[in-house]
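Following the UniProt record's numbering, the numbering of the sequence shown begins with 1 at its first residue and continues without gaps. Built from N, CA and C at the ideal position, the CB exists for glycine as well. Bear in mind the structure is a predicted one, so any value in this text is a computation, not a measurement. Shown next, in structure tokens, is the structure this report addresses.
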Amino acid sequence: MVGRGWNLIWKLLVPPRVKIFVWKLAHGKLPTGNYLYNINIGPDTSCTLCGLFPETADHLLWHCRWAISCWDTIFTWLGLDHSFHILLCNGSWLTCNFLCAFSCDFARALIALVAWHIWTVRCHKIFRHSLPNFSQIPSKAWASAHDYFSVHGFLCRNLTRGLIPFHPALWVFSDAAWDPLTGKAGFGFIITTNRNIILLAGAAGDTCASSIDAELHAIHLALTHCCSNNWSPSKLYSDCRCALDLIDNFNNVTAWRSADIIHSIKRFTYQWPDLTWEHVPRDFNCVADSLAHFGSLNPQISLFAQGRDRPRWLDDLCSSSNFSF
Ligand SMILES: [Zn+2]
1 MVGRGWNLIW KLLVPPRVKI FVWKLAHGKL PTGNYLYNIN IGPDTSCTLC
51 GLFPETADHL LWHCRWAISC WDTIFTWLGL DHSFHILLCN GSWLTCNFLC
101 AFSCDFARAL IALVAWHIWT VRCHKIFRHS LPNFSQIPSK AWASAHDYFS
151 VHGFLCRNLT RGLIPFHPAL WVFSDAAWDP LTGKAGFGFI ITTNRNIILL
201 AGAAGDTCAS SIDAELHAIH LALTHCCSNN WSPSKLYSDC RCALDLIDNF
251 NNVTAWRSAD IIHSIKRFTY QWPDLTWEHV PRDFNCVADS LAHFGSLNPQ
301 ISLFAQGRDR PRWLDDLCSS SNFSF
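Set out below in structure tokens:
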């Protein structure tokens with residue numbers, strides 16, 4: 001890893017401070033307790049996180065039990081075998097091909113970010129006396145990687161490997177609002193990972209013949225955006241049981257008004273054989289519900305993602321509902 005030096009690290013799709021961190025790591029210059037002791041400017045301290053072993057970079061980032069808890073989660077999310085751990089320790093993660101559901105660039109960026117977050121937690125424990133929270137590291141790193149890819153325009157072509165199914169799974173929540181007096185409808189959706197990270201949220205409006213018609217349009221809008229981003233959703237959640245029943249048991253005689261939209265939804269479902277739909281209580285669908293109301297007032301399509309401007313109410317609602325961008 002050291003041989004190919006800075007070029008290899010420079011290509012990582014992560015912020016500059018993380019590149020510098022990886023460079024120090026690759027060149028054995030991370031100022032761990034053991035490093036400082038070896039250059040005679042510190043005492044021989046044990047691992048800041050577990051206190052059981054000398055604090056080398058190898059131990060701290062790859063072998064400490066706290067670090068391993070993060071790597072286990074990341075491997076599961078990336079769909080990587082746990083034997084991949086050895087490629088972390090010897091630095092091959094910077095050069096190897098990842099046999100996972102995500103692009104190599106994304107997997108590499110994620111690994112660099114997790115290592116950097118572990119290092120940050122360690123430093124905060126020493127210098128700010130803050131309590132380490134390891135359970136948040138994988139989702140924070142994931143959000144930073146997603147953020148960086150999104151802001152720099154790598155998201156669509158570089159996040160996933162196209163046809164390989166998404167690991168972790170992708171979920172779609174959709175909802176509609178409909179005013180029986182005017183026929184005006186709003187559609188809202190969020191597309192999330194199963195770790196509650198929102199990849200895309202959207203809202204739009206139109207006129208619809210009924211509330212079920214509006215719900216079907218909301219589902220269709222969400223699936224259209226999965227398709228255009230080359231994402232394969234595995235779950236579709238709606239709080240409208242009637243709309244889901246209609247997709248399941250379409251009858252041309254009773255539901256002729258909705259025939260076009262149902263056929264269009266079904267065409268999406270054929271390309272994602274793993275996609276199933278489920279009814280959720282309204283409480284679990286509050287973000288899509290609010291987006292639907294937003295859509296009825298702002299009928300032009302609005303899309304919200306990491307790195308783009310988002311209304312404050314949406315961020316507040318997401319964090320109170322346990323989602324994040
Ligand atoms: Zn340790």
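Could you check if residue i is buried or exposed, using at least 16 other CB atoms within 10 Å of its CB as the buried criterion?
| i | result |
| --- | --- |
| Phe166 | For Phe166, the predicted model reports a pLDDT of 41, less than 50, meaning its position is unreliable; a value from the coordinates is still stated below. Under this definition Phe166 is a buried residue. |
| Cys240 | buried |
| Glu55 | buried |
| Leu303 | exposed |
| Val2 | Because the pLDDT of Val2 is 46, which lies under 50, any placement of that residue in the model is unreliable, and the number read from its coordinates should be weighed accordingly. It counts as exposed. |
| Trp6 | exposed |
| Asp175 | buried |
| Ala209 | exposed |
| Asn251 | exposed |
| Arg308 | exposed |
| Thr32 | buried |
| Pro281 | exposed |
Please state the DSSP three-state secondary structure of residue i.
| i | result |
| --- | --- |
| Pro43 | coil |
| Thr269 | helix |
| Cys318 | helix |
| Ala214 | helix |
| Ile219 | helix |
| Val14 | coil |
| Ser174 | strand |
| Phe325 | coil |
| Lys29 | coil |
| residue 333 | Not covered by the structure: residue 333. The range shown for the chain is 1 to 325. |
| Asn230 | coil |
| Cys286 | helix |
| Gly91 | coil |
| Pro138 | helix |
| Arg108 | helix |
| Asn34 | helix |
Within the continuous beta strand (DSSP E) that includes residue i, where are the two ends?
| i | result |
| --- | --- |
| Ile191 | Lys184 to Thr193 |
| Ile198 | Ile198 to Thr207 |
| Thr276 | Thr276 to His279 |
Do you know how far the Cα of residue j is from the Cα of residue i?
| i | j | result |
| --- | --- | --- |
| Pro132 | Ile118 | 9 Å |
| Leu163 | Thr269 | Residue placement at Leu163 is poorly supported in this model, since its pLDDT is 36, which falls under 50; the coordinates still yield a value, given next. For Leu163 and Thr269, the distance between alpha carbons rounds to 15 Å. |
| Leu52 | Asn34 | 13 Å |
| Leu61 | Ala115 | 6 Å |
| Ala26 | Leu87 | 13 Å |
| His263 | Asn249 | 12 Å |
| Gly186 | Ala203 | 7 Å |
| His279 | Leu78 | 28 Å |
| Asn322 | Ile137 | 16 Å |
| Leu314 | Asn196 | 15 Å |
| Ser69 | Ala141 | 14 Å |
| Arg310 | Gly42 | 46 Å |
| Ser139 | Phe102 | 16 Å |
| Arg312 | Cys318 | 10 Å |
| Leu170 | Leu223 | 12 Å |
| Cys226 | Trp10 | 31 Å |
| Asn194 | Phe325 | 13 Å |
| Trp277 | His152 | 33 Å |
What are the residues that DSSP puts in a beta bridge with residue i?
| i | result |
| --- | --- |
| Leu303 | Gly202 |
| Lys235 | Trp171 and Thr276 |
| Pro54 | Ser46 |
Tell me the residue span of the alpha helix (DSSP H) that contains residue i.
| i | result |
| --- | --- |
| Thr76 | Arg65 to Leu78 |
| Asp248 | Arg241 to Asp248 |
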